[in-house]
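> Going by numbering that gives the first Met the number 0, the first residue of the sequence shown is number 0, and it counts up by one from there.
For every residue, glycine included, the Cβ atom is placed at its ideal position computed from N, Cα and C.
The model shown is predicted, which means the values in this text are computed figures rather than measured ones.
Handing you this structure, nothing more for now.
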Amino acid sequence: MPLARISCFLALPVLVFLSSPASAAGDPVAGRAAFAKCASCHQVGPSARAGFGPQLYQVIGRKAGSTGDYKYSPAMANAGFVWSEDKLRAFMKAPSEVVPGNRMRFWGIGSDRQIDDILAYLRNVK
């Protein structure tokens, strides 16, 4: 029986790692496919421009409402925060809860996995 306890003890760190946020970092390939819905309003990439919505190239780390080629709602222009992955995750789930009065007509993404995938895609767009 002691060998079984040792095996369980050694397996515990592996299980903790597999359930950690690092393993839930998302799949950029799946994120690109999921972003197709977003692409009707948003562009990404070095030559991205605003369209119906602001461009999202290098959005992580950028001040909300700060791209010069898009006319933001007063709510977004005055949001006063920088887009972190956590803030983007919350916004993708419920935009009007993060920035009440924003113009984005979108009900949110209910799947945490899909949000993780889209964030992985946005992190990796070159």
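1) Between which residues of its own chain and G52 is the CB-CB distance below 6 Å, once the five residues before and five after are set aside?
2) So A63 packs on M75, CB below 8 Å; how close in whole Å?
3) Per DSSP, what are the beta-bridge partners of S97 in this structure?
4) Does the stretch 43-51 come into contact with the stretch 73-90, if we say contact requires no fewer than three beta-carbon pairs (one atom in each stretch) closer than 8 Å?
5) Going by other Cβ atoms of all chains shown within 10 Å of its Cβ, with 16 needed for buried, is N101 buried or exposed?
6) Please state whether DSSP places V81 in a helix, a strand or coil.
7) Does K62 come out as helix, strand or coil in the three-state DSSP assignment?
8) Buried or exposed: where does V28 fall if 16 or more other Cβ atoms within 10 Å of its Cβ makes it buried?
9) Excluding five sequence neighbours on each side, which residues of the same chain lie with their C-beta closer than 8 Å to the C-beta of Y56?
10) To which residues of the same chain is T66 closer than 8 Å at the C-beta, ignoring the five residues directly before and after it?
11) Give me the Cα-Cα distance between F90 and W82, rounded to the nearest whole angstrom.
Checking against the coordinates, here is how it stands:
1) C40 and H41
2) 6 Å
3) For clarity, residue 97 is Val in the given sequence; the question names Ser instead. Bridge partners of V97: none, in fact.
4) no
5) buried
6) strand
7) strand
8) exposed
9) Q42, V43, G44, P45, A47 and V124
10) A49, P53 and Q54
11) 10 Å
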